[in-house]
């Protein structure tokens, strides 16, 4: 059977990797790197009538912003997709129609079940090829960005699920999707497949993802932490604790990319992702089976965690400010599969 190579966008792991910290004692502390583009080799699909061969030419669209678990999202949040067009379809020739096709398969759903549809915004940067001066011809593009916005503003301080539907017309996914999640979306030809992630339309700083080096032969020197929104790093000095399963503190500090040292107590440096550098080498099992504790004083983009907890969320208040404790046991996976990074892709999922 003939095979065709279908280019699929990178559906893996955390953004905000551009602020990588560098050497302490000659060792690179920025252990985690952005994943490369993933290529898939897919079999051509024989049509039953006459045994002819057809190619899966559905556009592939990956939501790259906002990220999983994002908070501080605007009530008119822009959903940005990287779109890749396989050969043989109309995706490259008609970007406007492709954007409309995606919009019909993306919706936001509130906790009460209310559904907000999306609509496509005009596509930026049309490329033209030589033609008549009064009627330039747009050159086909195999990759471009589509932006969708809700049809009407979302409620403030509310959780929404971003729901993507893959079917016989398009394949959609999230940045950070696992190989099995990618496969489920690609296989959705005869029936629809829904995938979802949650965002919050207000400041609610918390940890959503973690990464560490996948090298059992070496002790750990750092842990990469991604938050739901930018936080003031100096607030982590008192509000972030990493504990073993027995409750013993694993000492360390948030690392400043600006000063290449531990964050100073009075620093106003802000970041959405940070390397937490341990005071000494630690056993990876202590981290992987441990727990994280975030204090109510963590400062995000407009609120502390405690202030966010006191707000009405989905019509209910969360009660008095409290520490947030997350167990890390049994949540780690290789990212990508078989790769040199272990991660928890969505700590917000529980």
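Numbering (this note's numbering), first residue to last: 698 to 1047.
Glycine included, each C-beta is placed from N, C-alpha and C at the ideal position.
1. Consult DSSP for residue 748 and reduce its assignment to one of helix, strand or coil.
2. Taking the beta carbon of residue 840 as the centre, do at least 16 other beta carbons fall within 10 Å, making it buried, or is it exposed?
3. Run through DSSP, which three-state label would residue 807 get?
4. Taking its Cβ as the centre, do 16 or more other Cβ atoms sit within 10 Å of residue 812, making it buried, or is it exposed?
5. With DSSP as the reference, please indicate the residues paired to residue 994 in a beta bridge.
6. Would you give the residue range spanned by the beta strand (DSSP E) that residue 899 belongs to?
7. Since residue 919 sits in a beta bridge, which residues does DSSP pair it with?
8. By how many angstroms is the C-alpha of residue 838 removed from the C-alpha of residue 789?
9. Would DSSP call residue 1004 helix, strand or coil?
10. Please list the terminal residues of the continuous beta strand (DSSP E) segment that includes residue 1028.
11. With DSSP as the reference, please indicate the residues paired to residue 951 in a beta bridge.
12. Provide the residue span of the beta strand (DSSP E) that contains residue 812, from first to last.
13. Start and end of the beta strand (DSSP E) containing residue 847?
14. If distances are taken between C-alpha atoms only, which option among 767, 956 and 863 comes closest to residue 802?
15. Excluding the five sequence neighbours on either side, which residues of its own chain have a C-beta within less than 8 Å of the C-beta of residue 975, listed in chain order?
16. According to DSSP, which residues form a beta bridge with residue 760?
17. Note down, in chain order, each residue of its chain lying with its Cβ closer than 8 Å to the Cβ of residue 962, except the 5 sequence neighbours on either side.
18. Are the stretch 757 to 768 and the stretch 886 to 896 touching by the rule of at least three beta carbon pairs closer than 8 Å?
19. For the 8 Å Cβ check, are there 3 or more pairs between the stretch 779 to 797 and the stretch 1018 to 1027?
20. What residues in its chain sit with their C-beta under 7 Å from that of residue 814, if we drop five residues either side in the sequence?
From the atom records:
1. Here the model assigns residue 748 a pLDDT of 49, short of 50, so the residue's position is not dependable and the matter cannot be decided.
2. Residue 840 comes out exposed.
3. strand
4. exposed
5. Answer is none; residue 994 lacks a bridge partner.
6. Neither: residue 899 is in no beta strand (DSSP E) and is coded neither H nor E.
7. 974
8. 5 Å
9. Note: residue 1004 maps to helix in three-state DSSP.
10. First-last for residue 1028: undefined, no H or E at that position.
11. 973
12. 812 to 817
13. 840 to 847
14. Check the Cα spacing between residue 802 and each of 767, 956 and 863: the tightest is with 863.
15. 917, 918, 919, 920, 947, 948 and 949
16. 778 and 871
17. 931 and 934
18. yes
19. no
20. When the five nearest sequence neighbours on each side are left out, the beta carbons in the same chain lying within less than 7 Å of the beta carbon of residue 814 are those of 804 and 848, in order along the chain.
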